[in-house]
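This note's numbering applies: residue 892 is where the sequence shown begins, and numbers increase by one.
Glycine included, C-beta positions come from ideal geometry on N, C-alpha and C.
Quick caveat, the model's predicted, so the values are computed rather than measured.
Accompanying notes for the structure given below.
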Amino acid sequence: MMNIDLIGFVTIFAMLLSLNQFRLETNWYRRTILVVCLLGTSMATYLTMSRGSLLAVFIALIAFFVKRNKFVVIFLIILSLIAVKTVPALKGRFSLNANLKDIRIGINLTTLEIIKDYPITGIGFGMETYGYSDFIDLAKYNAKIPPQYQQKGEVIKSPHNSFADIAVRTGVVGLALFLFIYFIFVRLGWKIIRYGKDDFIRDWGICIMAAFIGVFIQELFADGMFGPQAIVLYTIFAIMTILWQLNTETDSITI
(Lines of atoms letter the chains of each structure in order from A and count residues from 1; the text may use other names and numbers.)
(Lines give C-alpha, C1' and ligand atoms only; values in the text may rest on other atoms or scores of the structure.)
Protein backbone atom coordinates (compact mmCIF):
# COMPACT_ATOMS: atom_id res chain seq x y z
CA MET A 1 0.00 0.00 0.00
CA MET A 2 1.30 3.47 -0.94
CA ASN A 3 2.14 5.87 1.87
CA ILE A 4 -0.47 8.65 2.06
CA ASP A 5 2.28 11.27 1.71
CA LEU A 6 3.16 9.81 -1.70
CA ILE A 7 -0.34 9.58 -3.21
CA GLY A 8 -0.41 13.30 -3.99
CA PHE A 9 2.56 13.02 -6.35
CA VAL A 10 0.34 11.04 -8.73
CA THR A 11 -3.07 12.61 -8.09
CA ILE A 12 -1.98 16.26 -8.30
CA PHE A 13 -0.12 15.64 -11.55
CA ALA A 14 -3.18 13.87 -12.97
CA MET A 15 -5.43 16.68 -11.74
CA LEU A 16 -3.40 19.36 -13.51
CA LEU A 17 -3.24 17.37 -16.75
CA SER A 18 -7.01 16.89 -16.66
CA LEU A 19 -7.60 20.55 -15.86
CA ASN A 20 -5.44 21.76 -18.72
CA GLN A 21 -7.00 19.34 -21.20
CA PHE A 22 -10.47 20.42 -20.01
CA ARG A 23 -9.61 23.99 -21.00
CA LEU A 24 -8.56 22.86 -24.47
CA GLU A 25 -11.33 20.33 -25.11
CA THR A 26 -14.55 21.33 -26.89
CA ASN A 27 -16.32 17.96 -27.13
CA TRP A 28 -18.91 17.75 -24.32
CA TYR A 29 -18.57 14.04 -23.50
CA ARG A 30 -14.78 14.27 -23.35
CA ARG A 31 -15.13 17.24 -21.03
CA THR A 32 -17.51 15.17 -18.90
CA ILE A 33 -14.91 12.41 -18.61
CA LEU A 34 -12.30 14.99 -17.63
CA VAL A 35 -14.62 16.39 -14.93
CA VAL A 36 -14.99 12.89 -13.49
CA CYS A 37 -11.20 12.55 -13.50
CA LEU A 38 -10.85 15.91 -11.77
CA LEU A 39 -13.37 15.01 -9.09
CA GLY A 40 -11.71 11.66 -8.45
CA THR A 41 -8.17 12.99 -8.19
CA SER A 42 -9.29 15.99 -6.12
CA MET A 43 -11.12 13.79 -3.63
CA ALA A 44 -8.22 11.34 -3.41
CA THR A 45 -5.82 14.20 -2.71
CA TYR A 46 -8.06 15.71 -0.03
CA LEU A 47 -8.70 12.39 1.71
CA THR A 48 -5.00 11.78 2.23
CA MET A 49 -5.04 14.69 4.70
CA SER A 50 -1.33 14.97 3.95
CA ARG A 51 -0.06 18.46 4.69
CA GLY A 52 2.47 18.18 1.90
CA SER A 53 -0.16 17.17 -0.65
CA LEU A 54 -2.72 19.77 0.43
CA LEU A 55 -0.16 22.57 0.42
CA ALA A 56 1.20 21.36 -2.93
CA VAL A 57 -2.19 21.30 -4.65
CA PHE A 58 -2.98 24.79 -3.33
CA ILE A 59 0.27 26.33 -4.60
CA ALA A 60 0.21 24.34 -7.86
CA LEU A 61 -3.32 25.57 -8.66
CA ILE A 62 -2.31 29.16 -7.97
CA ALA A 63 0.64 28.71 -10.36
CA PHE A 64 -1.73 27.19 -12.92
CA PHE A 65 -4.22 30.07 -12.82
CA VAL A 66 -2.08 33.11 -11.97
CA LYS A 67 -1.53 34.14 -15.61
CA ARG A 68 -4.98 33.01 -16.74
CA ASN A 69 -7.54 34.09 -14.18
CA LYS A 70 -6.69 36.28 -11.20
CA PHE A 71 -10.24 35.87 -9.86
CA VAL A 72 -9.73 32.11 -9.48
CA VAL A 73 -6.48 32.73 -7.60
CA ILE A 74 -8.22 35.09 -5.15
CA PHE A 75 -11.08 32.60 -4.76
CA LEU A 76 -8.65 29.74 -4.02
CA ILE A 77 -6.84 31.78 -1.38
CA ILE A 78 -10.07 32.85 0.36
CA LEU A 79 -11.55 29.35 0.18
CA SER A 80 -8.37 27.79 1.60
CA LEU A 81 -8.23 30.25 4.49
CA ILE A 82 -11.87 29.59 5.35
CA ALA A 83 -11.36 25.82 5.13
CA VAL A 84 -8.29 25.86 7.39
CA LYS A 85 -10.17 27.94 9.96
CA THR A 86 -13.48 26.03 9.91
CA VAL A 87 -12.90 22.39 8.87
CA PRO A 88 -11.82 20.48 12.01
CA ALA A 89 -9.61 17.99 10.15
CA LEU A 90 -7.72 20.78 8.39
CA LYS A 91 -7.45 22.90 11.55
CA GLY A 92 -5.73 19.99 13.25
CA ARG A 93 -3.33 19.39 10.38
CA PHE A 94 -2.28 23.01 9.95
CA SER A 95 -2.36 24.31 13.52
CA LEU A 96 0.88 25.89 14.73
CA ASN A 97 0.94 23.77 17.87
CA ALA A 98 0.65 20.51 15.92
CA ASN A 99 3.42 21.51 13.52
CA LEU A 100 5.79 22.51 16.32
CA LYS A 101 5.38 19.01 17.78
CA ASP A 102 5.56 17.20 14.44
CA ILE A 103 7.84 14.17 14.32
CA ARG A 104 9.41 15.51 11.11
CA ILE A 105 11.35 18.05 13.17
CA GLY A 106 13.14 15.23 14.95
CA ILE A 107 13.67 13.36 11.67
CA ASN A 108 15.18 16.45 10.02
CA LEU A 109 17.43 17.23 12.97
CA THR A 110 18.67 13.62 13.04
CA THR A 111 19.38 13.78 9.31
CA LEU A 112 21.24 17.07 9.79
CA GLU A 113 23.50 15.47 12.41
CA ILE A 114 24.43 12.75 9.90
CA ILE A 115 25.12 15.31 7.18
CA LYS A 116 27.49 17.11 9.56
CA ASP A 117 29.60 13.94 9.77
CA TYR A 118 29.45 13.20 6.02
CA PRO A 119 29.16 16.65 4.41
CA ILE A 120 30.96 16.23 1.08
CA THR A 121 30.08 12.84 -0.40
CA GLY A 122 27.40 11.65 2.03
CA ILE A 123 26.95 8.14 3.39
CA GLY A 124 26.66 6.59 -0.07
CA PHE A 125 23.82 6.38 -2.52
CA GLY A 126 21.43 3.46 -2.07
CA MET A 127 17.90 2.70 -0.93
CA GLU A 128 19.01 1.05 2.32
CA THR A 129 22.10 3.03 3.33
CA TYR A 130 20.23 5.45 5.61
CA GLY A 131 18.33 2.87 7.61
CA TYR A 132 20.89 0.03 7.56
CA SER A 133 22.57 -0.26 10.95
CA ASP A 134 25.84 -1.57 9.47
CA PHE A 135 26.26 1.83 7.77
CA ILE A 136 24.61 4.32 10.10
CA ASP A 137 23.61 4.11 13.76
CA LEU A 138 20.46 6.25 13.68
CA ALA A 139 19.93 5.91 17.44
CA LYS A 140 23.31 7.54 18.09
CA TYR A 141 22.46 10.55 15.93
CA ASN A 142 18.93 10.75 17.34
CA ALA A 143 20.46 11.05 20.82
CA LYS A 144 22.41 14.15 19.74
CA ILE A 145 19.37 16.30 19.03
CA PRO A 146 17.38 18.23 21.69
CA PRO A 147 15.41 15.82 23.94
CA GLN A 148 12.01 17.28 23.04
CA TYR A 149 12.56 16.33 19.39
CA GLN A 150 14.12 12.91 19.91
CA GLN A 151 12.18 10.00 18.40
CA LYS A 152 10.97 7.52 20.97
CA GLY A 153 11.45 3.83 20.30
CA GLU A 154 12.64 2.84 16.83
CA VAL A 155 14.07 5.72 14.81
CA ILE A 156 12.34 6.28 11.46
CA LYS A 157 14.60 5.02 8.69
CA SER A 158 13.85 7.70 6.11
CA PRO A 159 14.55 11.47 6.01
CA HIS A 160 11.00 12.26 4.76
CA ASN A 161 12.44 15.11 2.69
CA SER A 162 13.80 14.57 -0.81
CA PHE A 163 16.50 17.23 -0.55
CA ALA A 164 17.68 16.00 2.85
CA ASP A 165 17.58 12.48 1.42
CA ILE A 166 19.88 13.45 -1.45
CA ALA A 167 22.18 15.47 0.82
CA VAL A 168 22.62 12.67 3.36
CA ARG A 169 23.31 10.05 0.67
CA THR A 170 25.42 12.07 -1.80
CA GLY A 171 26.60 15.05 0.27
CA VAL A 172 26.52 18.69 -0.71
CA VAL A 173 28.16 17.78 -4.03
CA GLY A 174 25.26 15.56 -5.03
CA LEU A 175 22.69 18.04 -3.72
CA ALA A 176 24.30 20.88 -5.70
CA LEU A 177 24.23 18.84 -8.92
CA PHE A 178 20.60 17.89 -8.31
CA LEU A 179 19.57 21.50 -7.65
CA PHE A 180 21.39 22.53 -10.83
CA ILE A 181 19.12 20.17 -12.80
CA TYR A 182 16.12 21.88 -11.20
CA PHE A 183 17.56 25.28 -12.06
CA ILE A 184 17.96 24.34 -15.73
CA PHE A 185 14.40 22.96 -15.82
CA VAL A 186 12.91 26.13 -14.30
CA ARG A 187 14.92 28.35 -16.64
CA LEU A 188 13.81 26.36 -19.67
CA GLY A 189 10.19 26.31 -18.49
CA TRP A 190 10.19 30.06 -17.92
CA LYS A 191 11.47 30.67 -21.46
CA ILE A 192 8.83 28.36 -22.93
CA ILE A 193 6.06 30.14 -21.00
CA ARG A 194 7.41 33.59 -21.89
CA TYR A 195 8.57 33.06 -25.47
CA GLY A 196 6.66 30.01 -26.71
CA LYS A 197 5.67 30.36 -30.36
CA ASP A 198 1.95 29.69 -29.83
CA ASP A 199 -0.74 29.32 -27.17
CA PHE A 200 -0.50 25.52 -27.21
CA ILE A 201 3.19 25.58 -26.23
CA ARG A 202 2.73 28.31 -23.63
CA ASP A 203 -0.40 26.76 -22.06
CA TRP A 204 1.19 23.36 -21.66
CA GLY A 205 4.35 25.03 -20.37
CA ILE A 206 2.31 26.66 -17.59
CA CYS A 207 0.61 23.34 -16.79
CA ILE A 208 3.87 21.40 -16.55
CA MET A 209 5.55 24.13 -14.53
CA ALA A 210 2.62 24.07 -12.10
CA ALA A 211 2.98 20.28 -11.88
CA PHE A 212 6.69 20.69 -11.14
CA ILE A 213 5.91 23.19 -8.38
CA GLY A 214 3.48 20.68 -6.89
CA VAL A 215 6.16 17.98 -6.90
CA PHE A 216 8.74 20.37 -5.44
CA ILE A 217 6.47 21.25 -2.50
CA GLN A 218 5.72 17.59 -1.81
CA GLU A 219 9.44 16.76 -1.91
CA LEU A 220 9.85 18.98 1.15
CA PHE A 221 7.61 16.57 3.08
CA ALA A 222 8.32 13.16 1.53
CA ASP A 223 10.93 11.05 -0.23
CA GLY A 224 10.38 11.59 -3.94
CA MET A 225 13.36 9.81 -5.44
CA PHE A 226 11.86 6.35 -5.89
CA GLY A 227 8.67 4.64 -7.04
CA PRO A 228 5.71 6.42 -8.68
CA GLN A 229 6.77 9.84 -7.40
CA ALA A 230 10.09 9.59 -9.26
CA ILE A 231 8.25 8.47 -12.41
CA VAL A 232 6.05 11.58 -12.17
CA LEU A 233 9.11 13.83 -11.85
CA TYR A 234 10.85 12.25 -14.85
CA THR A 235 7.61 12.47 -16.86
CA ILE A 236 7.44 16.19 -16.08
CA PHE A 237 11.03 16.59 -17.26
CA ALA A 238 10.22 14.64 -20.43
CA ILE A 239 7.11 16.66 -21.30
CA MET A 240 8.92 19.97 -20.86
CA THR A 241 11.71 18.65 -23.09
CA ILE A 242 9.12 17.72 -25.74
CA LEU A 243 7.61 21.22 -25.54
CA TRP A 244 11.06 22.72 -25.96
CA GLN A 245 11.69 20.51 -29.00
CA LEU A 246 8.32 21.41 -30.54
CA ASN A 247 9.05 25.07 -30.02
CA THR A 248 12.50 24.87 -31.62
CA GLU A 249 11.21 23.24 -34.79
CA THR A 250 10.68 26.72 -36.23
CA ASP A 251 11.92 29.07 -33.52
CA SER A 252 15.01 29.11 -31.35
CA ILE A 253 15.02 28.95 -27.56
CA THR A 254 18.39 28.47 -25.92
CA ILE A 255 18.84 26.91 -22.52
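What are the complete alpha helix (DSSP H) segments, minimum 4 residues, inside the region 943 to 1029?
-> 961 to 977, 979 to 985, 987 to 991 and 994 to 1008
Exposure label - residue 1109; buried when at least 16 CB within 10 Å | buried
Secondary structure at residue 1046, three-state DSSP: helix, strand or coil?
-> If DSSP states are grouped into helix, strand and coil, residue 1046 belongs with coil.
Would DSSP call residue 912 helix, strand or coil?
-> helix
For residue 1038, name the three-state secondary structure that DSSP assigns.
-> helix
Closest by C-alpha distance to residue 1061, when choosing among 1011, 995 and 899 | 1011
Cutoff 8 Å; reference residue 901; Cβ partners in own chain excluding five residues on either side | 1119, 1120 and 1123
Evaluate residue 1103 with the Cβ neighbour count: other Cβ atoms within 10 Å of its Cβ, from every protein chain shown; 16 or more gives buried, anything less gives exposed.
-> buried
Take residue 933 and list the residues in its own chain whose beta-carbon comes closer than 7 Å to its own, dropping the five residues that flank it on each side.
-> 906
Applying the criterion that 16 or more other CB atoms from any shown protein chain within 10 Å of the CB defines a buried residue, is residue 955 buried or exposed?
-> buried
Among 1095, 911 and 910, nearest to residue 1133 - alpha-carbon criterion | The shortest CA-to-CA distance from residue 1133 to any of 1095, 911 and 910 is the one to 1095.
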